[in-house]
Amino acid sequence: MAREKTTSREGSTGQLVQGRPVAVLGRGMALVKVGKAPRPQVRPEDNTTALMKKAARALGKPGIDRSVVFRGPNAAKVYAYSAYPPDPSKIVREAADGTKVIGRMVDGRFRASKA
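Numbering (our numbering), first residue to last: 56 to 170.
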């Protein structure tokens, strides 16, 4: 029967400690804080009940507010796309300034219709 070969290394008598690392003191040495981990503080407005109420309120209203869609430093490069009601094969692209262009998606890019 074969035996597993064991090797010992000099200075490999370290212990496995569970805790939060505080600082690394050198090669193979670390300062670790052990004990109970502090419970993270959860704001009352971030609990599940409050978030579910906010989500239900937001999903209950149709559409999304323009200020949410066209926000940030790259607002000029952001477009909102929607289906064109008279012809579902076409798409309406709306820019931040409110201009609407009717077109189609071709190879992953928006192409404006000629008419």
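We treat Cβ as the ideally placed atom computed from N, Cα and C, and that holds for glycine.
- Counting only the Cα atoms, P99 lies some 27 Å from P117.
- Boundaries of the beta strand (DSSP E) around G158: 155 to 161.
- Under the DSSP definition of a beta bridge, I146 partners with A138, G158.
- For A113, the enclosing alpha helix (DSSP H) covers residues 103 to 115.
- Under the Cβ criterion (8 Å, minimum of three pairs), the stretch 109 to 124 does not count as touching the stretch 85 to 94.
- Distance from the CA atom of I146 to the CA atom of R166, rounded to whole angstroms, is 10 Å.
- Under the three-state reduction of DSSP output, P128 falls in the coil class, being neither helix nor strand.
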